[in-house]
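In my numbering, the protein residues as written are 264 to 298.
Quick reminder that beta carbons are idealized off the backbone N, C-alpha and C, glycines included.
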């Protein structure tokens with residue numbers, strides 16, 4: 264796998280809502296915590 268493909272997978276996973284995060288995305292939760 265190339266770095267571009269790995270980056271695309273990481274982006275898709277970080278945009279997927281998670282039940283454990285109250286159905287927020289990891290990226291949104293991280294942004295909320297860092298504010």
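Return the bridge partner residues of residue 281 from the DSSP annotation.
287.
Excluding sequence positions up to five away, which residues of its chain have a Cβ less than 7 angstroms from the Cβ of residue 284?
Contacts found: 292.
Quick check: what's the CA-CA separation for residue 276 versus residue 266?
Those two C-alpha atoms are separated by around 15 angstroms.
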